[in-house]
Amino acid sequence: MEQNENRLGRWQVDEDHLPVFDYYGEDALRYKNGNGHWLDIPAEPWFLLGNYRMTMFVHTNGRYQFLTGERTWARINYDEQKLGANGAEISVDGKTVILAGDQARAEQRRFGTGYAEFIYAPNKDVRVKRVLAVKPSEKNNQGIPAFLAEIQMENNGTEPVAVKYMEWIGIRYQPMGQNQCEVCYRNWFEQREGLALVSIEAEQMTASFRTGDREESRWDYFPPSVYIQTDKMRITWQQDRVELKKEFRLEPGQTVNLEYIIGVSYTPGYEEIMKECRMLMEVPKGDKIKYRREWRQALSEVPSGESEEMYQEMLWNCYNLEAMATYREYYGETFIPQGMTYDYQYGRPCAARDHLQHALPIMYTNPELAKSCIRYVLKKMTADGELKYMEYGYGKTSNGGWSVSDQQLYLFYTVAEYLRVTGDYDFLAETTAYYPPHASYMGSTLDKLKDAMIYLIEEVGTGARGLVRLLNSDWNDMVYHNYPMLPYYGSAESNMNTTMVLKVFPDLLVQLDKASLYFSGRFSECLTELKIVMKRYLSEIETAFYQDLGDRNFPIRLYLKHDTCIGRNTMHLEAQIFLLQAESFSIDKKKILYQEIKRRLCDNEILGARQSEAAVKGEFEVGQGENGGFWYSLNGPLILGIAKFDKMEAWKCLRNMGFRHFAETFPEYYVGQWTGPDCFFSSISSSPYLPSTPCPLYCAHAHAWPLYCYMRLTEEEEGV
Numbered sequence: 007m008e009q010n011e012n013r014l015g016r017w018q019v020d021e022d023h024l025p026v027f028d029y030y031g032e033d034a035l036r037y038k039n040g041n042g043h044w045l046d047i048p049a050e051p052w053f054l055l056g057n058y059r060m061t062m063f064v065h066t067n068g069r070y071q072f073l074t075g076e077r078t079w080a081r082i083n084y085d086e087q088k089l090g091a092n093g094a095e096i097s098v099d100g101k102t103v104i105l106a107g108d109q110a111r112a113e114q115r116r117f118g119t120g121y122a123e124f125i126y127a128p129n130k131d132v133r134v135k136r137v138l139a140v141k142p143s144e145k146n147n148q149g150i151p152a153f154l155a156e157i158q159m160e161n162n163g164t165e166p167v168a169v170k171y172m173e174w175i176g177i178r179y180q181p182m183g184q185n186q187c188e189v190c191y192r193n194w195f196e197q198r199e200g201l202a203l204v205s206i207e208a209e210q211m212t213a214s215f216r217t218g219d220r221e222e223s224r225w226d227y228f229p230p231s232v233y234i235q236t237d238k239m240r241i242t243w244q245q246d247r248v249e250l251k252k253e254f255r256l257e258p259g260q261t262v263n264l265e266y267i268i269g270v271s272y273t274p275g276y277e278e279i280m281k282e283c284r285m286l287m288e289v290p291k292g293d294k295i296k297y298r299r300e301w302r303q304a305l306s307e308v309p310s311g312e313s314e315e316m317y318q319e320m321l322w323n324c325y326n327l328e329a330m331a332t333y334r335e336y337y338g339e340t341f342i343p344q345g346m347t348y349d350y351q352y353g354r355p356c357a358a359r360d361h362l363q364h365a366l367p368i369m370y371t372n373p374e375l376a377k378s379c380i381r382y383v384l385k386k387m388t389a390d391g392e393l394k395y396m397e398y399g400y401g402k403t404s405n406g407g408w409s410v411s412d413q414q415l416y417l418f419y420t421v422a423e424y425l426r427v428t429g430d431y432d433f434l435a436e437t438t439a440y441y442p443p444h445a446s447y448m449g450s451t452l453d454k455l456k457d458a459m460i461y462l463i464e465e466v467g468t469g470a471r472g473l474v475r476l477l478n479s480d481w482n483d484m485v486y487h488n489y490p491m492l493p494y495y496g497s498a499e500s501n502m503n504t505t506m507v508l509k510v511f512p513d514l515l516v517q518l519d520k521a522s523l524y525f526s527g528r529f530s531e532c533l534t535e536l537k538i539v540m541k542r543y544l545s546e547i548e549t550a551f552y553q554d555l556g557d558r559n560f561p562i563r564l565y566l567k568h569d570t571c572i573g574r575n576t577m578h579l580e581a582q583i584f585l586l587q588a589e590s591f592s593i594d595k596k597k598i599l600y601q602e603i604k605r606r607l608c609d610n611e612i613l614g615a616r617q618s619e620a621a622v623k624g625e626f627e628v629g630q631g632e633n634g635g636f637w638y639s640l641n642g643p644l645i646l647g648i649a650k651f652d653k654m655e656a657w658k659c660l661r662n663m664g665f666r667h668f669a670e671t672f673p674e675y676y677v678g679q680w681t682g683p684d685c686f687f688s689s690i691s692s693s694p695y696l697p698s699t700p701c702p703l704y705c706a707h708a709h710a711w712p713l714y715c716y717m718r719l720t721e722e723e724e725g726v
């Protein structure tokens with residue numbers, strides 16, 4: 007397909023050889039579907055800044071949303087439109103120009119790794135540069151939950167001008183997914199020596215037990231305090247709004263710099279906050295953008311590879327995963343959330359399978375963070391090996407109506423890869439608490455792998471054909487969207503789960519064999535016991551699967567009952583992606599299977615294979631989501647399967663899945679150019695290659711799977 011001129015911006019490389027996006031599109035973009043209806047996509051494009059203890063969405067019109075996920079997901083500067091209550095303006099000789107908000111008009115807008123830069127021209131002589139920057143976390147579970155704003159005003163004219171500069175932020179703490187009538191949050195303002203502190207108190211509004219600050223609770227009774235620090239601006243407080251102001255005379259040729267810091271603190275002592283502020287101001291001289299060199303170091307493990315353009319895109323993916331990573335106080339671990347709907351809209355981290363997938367590429371670039379992601383999941387495990395589907399509030403867990411059958415398989419997958427990439431076999435002996443942690447019941451990683459195996463055998467089980475059961479969902483949370491669930495709950499069998507066993511169990515067994523060399527005594531005996539059970543289970547599943555597959559070119563998606571199935575004559579991608587990676591499936595058969603995938607699932611597709619060959623009318627629109635959409639978390643494993651027999655084709659598919667390819671092909675769509683949702687509409691939809699969700703369209707899958715595929719393909723080329 008021909009490249010189209012990008013109407014929204016272009017990728018550049020900044021002075022520290024890091025990717026930066028120059029945005030020159032509109033600040034409000036709306037799209038219609040094929041039926042002429044407006045899609046419910048956020049109109050304001052935004053970019054992500056963050057570290058392990060804060061998240062920040064900076065809009066192209068200069069305003070921002072300040073989020074915390076440390077105790078629970080919450081907005082610090084909530085407004086009803088969920089766009090962030092804040093603004094900025096400058097008055098030059100009495101003429102006021104909006105710098106942040108609906109009426110803002112910046113001449114230049116750049117969004118890079120850890121910073122957003124805006125340049126304005128209030129008149130023909132005065133130039134204003136406004137930079138928002140976030141310092142990366144240097145250690146796991148740490149980081150300064152604050153951002154630095156730098157404003158530079160320069161008079162290039164021959165006459166002095168009178169300048170009034172003002173920024174404001176509304177302090178309105180609101181946990182996501184929590185009704186405002188359940189808990190009311192009130193602000194208390196105090197000020198001392200260049201530091202303003204807004205203490206937030208929670209008032210219980212409904213009948214419930216108020217918990218302690220380390221007890222599980224649906225509601226957050228212990229919000230952070232918000233601080234604003236500046237030595238160069240006057241701070242005022244009015245009606246839950248902090249204003250920072252400066253009036254001065256700007257002489258010809260003169261440049262004036264203003265700075266302020268806004269952050270949150272869960273232990274708001276004056277000395278501690280000022281120490282963090284000093285750390286934020288300590289940067290090497292000569293840095294044009296603060297913290298950019300530190301981000302360069304944080305991303306230094308991404309290898310240059312296939313091309314400079316792809317290398318830059320992978321740096322961007324790695325940056326976004328680091329910026330999305332979130333420390334959770336309850337578990338004492340940092341994880342990489344799905345983002346998007348689960349976290350940034352509902353405030354409910356969901357699906358351990360997602361958090362485990364996001365750890366896969368980080369094993370190469372930041373092993374400690376990857377281990378923390380796995381430990382975060384291990385600490386959610388109950389004593390019977392179950393992994394609850396969702397988390398909400400402070401440390402509360404629930405299955406939310408789902409009885410999930412695949413999370414233990416994703417745990418095996420991720421642990422096997424972590425051991426392979428890092429060689430950290432001592433991790434098997436490290437201990438973590440079972441959920442809930444206050445029960446003080448501990449187990450090693452090996453203990454929990456055994457518990458997960460028991461859960462897989464006894465709770466998930468196998469069906470009449472000997473295939474792994476479905477329960478009410480596998481990877482596809484909405485697999486029953488067109489079928490009643492209760493008649494099939496006890497009988498349905500999943501070939502996605504089954505083919506995962508064929509790929510994942512041999513990988514984990516190889517690593518457990520290597521680990522056996524490092525252990526002795528009772529631990530070694532437990533390791534041997536687990537391997538014996540896994541090998542027998544794998545043998546049983548392999549026999550059942552290949553007997554069921556017979557001489558078919560592709561496996562059936564799932565069986566509802568012994569004689570009722572989905573995907574006999576039409577292909578579903580879920581059941582194919584791990585079979586392509588299974589060593590027990592021959593190379594010749596893999597090539598045949600891939601030709602079937604291309605013919606059935608890739609026809610007219612631009613980004614990659616869609617989820618199903620022929621979608622059906624029902625709960626979801628045709629070509630949407632689990633009814634035929636394009637998914638990163640399906641196409642990533644597909645690429646790794648293709649790499650088993652055709653590396654060049656795998657690289658081609660990876661490029662097709664990338665943001666640059668999306669921008670070249672769909673230059674008018676902003677979603678997909680620097681981040682993406684979990685799923686795009688596919689070509690069979692009335693709105694191909696658009697998402698349909700009102701939430702922040704940052705999904706870690708869109709960054710994790712391309713980066714993981716890149717790391718794996720590069721690793722294999724280097725012969726590691």
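Residue numbers are given in this note's numbering: position 114 of the sequence shown equals residue 120, and the series is strictly consecutive.
All C-beta atoms, glycine included, are put in the ideal place defined by N, C-alpha and C.
As the structure is a computational prediction, the values presented were derived from the model and not from experiment.
Between the options, which lies nearest to residue i when the distance is taken from Cα to Cα?
i, options, result
"methionine 491", "Lys509, Asp457, Gly407, Gln413", "Gly407"
"histidine 23", "Met320, Arg240, Lys509", "Met320"
"histidine 65", "Gln245, Leu89, Ile82", "Leu89"
"asparagine 39", "Val204, Asn67, Ile690", "Ile690"
"glycine 353", "Arg334, Val474, Glu397", "Glu397"
"asparagine 503", "Pro493, Leu384, Val98, Phe551", "Phe551"
"histidine 709", "Met346, Tyr70, Cys571", "Met346"
"lysine 141", "Met287, Arg247, Tyr716", "Met287"
"tyrosine 29", "Arg36, Asn12, Leu45", "Asn12"
So for residue i, helix, strand or coil by DSSP?
i, result
"arginine 69", "coil"
"serine 522", "helix"
"serine 692", "coil"
"alanine 708", "helix"
"threonine 261", "strand"
"threonine 340", "strand"
"glutamate 499", "strand"
"tyrosine 121", "strand"
"threonine 534", "helix"
"aspartate 28", "strand"
Look at the alpha carbon of residue i and the alpha carbon of residue j, and state the distance between them as a whole number of angstroms.
i, j, result
"serine 692", "glycine 629", "8 Å"
"tyrosine 424", "isoleucine 279", "37 Å"
"glutamine 158", "tryptophan 17", "25 Å"
"glutamate 8", "glycine 631", "Its pLDDT being 41, under 50, glutamate 8 is placed unreliably by the model, and nothing is read from it."
"arginine 542", "glycine 269", "54 Å"
"glutamate 315", "histidine 667", "11 Å"
"arginine 718", "leucine 264", "45 Å"
"proline 229", "arginine 302", "33 Å"
"leucine 564", "serine 639", "19 Å"
"lysine 328", "tyrosine 58", "According to the sequence as given, residue 328 is glutamate; it is not lysine. Cα-Cα distance, rounded: 7 Å."
"leucine 154", "isoleucine 82", "16 Å"
"alanine 163", "glutamate 257", "A quick correction: the sequence has glycine, not alanine, at residue 163. Roughly 9 Å between the two C-alpha positions."
"phenylalanine 687", "glutamine 180", "32 Å"
"asparagine 482", "alanine 470", "21 Å"
"tyrosine 126", "threonine 119", "21 Å"
"valine 507", "leucine 415", "7 Å"
"leucine 703", "isoleucine 177", "24 Å"
"aspartate 349", "leucine 536", "35 Å"
"glycine 449", "isoleucine 380", "14 Å"
Return no unless some Cβ of chain B is closer than 9 Å to the Cβ of residue i.
i, result
"asparagine 503", "Reference to chain B is not applicable here, since this structure consists of a single protein chain."
Between residue i and the ligand FAD, is there a pair consisting of the residue's CB and a ligand heavy atom that are separated by less than 8 Å?
i, result
"glutamate 580", "For the ligand FAD, the structure offers nothing, since it holds no ligand at all."
Handout entry: At least three beta-carbon pairs within less than 8 Å, the region 631-646 to the region 583-596
Key = yes
Problem - beta strand (DSSP E) segments (min. 3 residues) lying fully within the region 559-625 - result: 564-567, 570-572
Problem - beta strand (DSSP E) runs wholly inside the region 188-259, at least 3 long, in chain order - result: 189-198, 201-210, 231-235, 240-243, 247-256
Problem - At least 3 beta-carbon pairs within less than 8 Å: the region 221-241 vs the region 179-188 - result: yes
Exercise for the section: Would you check if the region 93-105 and the region 159-173 touch, i.e. whether three or more CB-CB distances between them fall below 8 Å? Expected result: yes
Handout entry: Whole runs of the beta strand (DSSP E) within the region 425-482, excluding any shorter than 3 residues
Key = 437-439, 448-450
Practice task
Check whether the region 340-347 touches the region 366-384, counting contact only when three or more Cβ pairs, one atom from each stretch, lie closer than 8 Å.
Solution key: yes
Handout entry: Meets three-Cβ-pair contact criterion under 8 Å: the region 568-582 and the region 617-626
Key = yes
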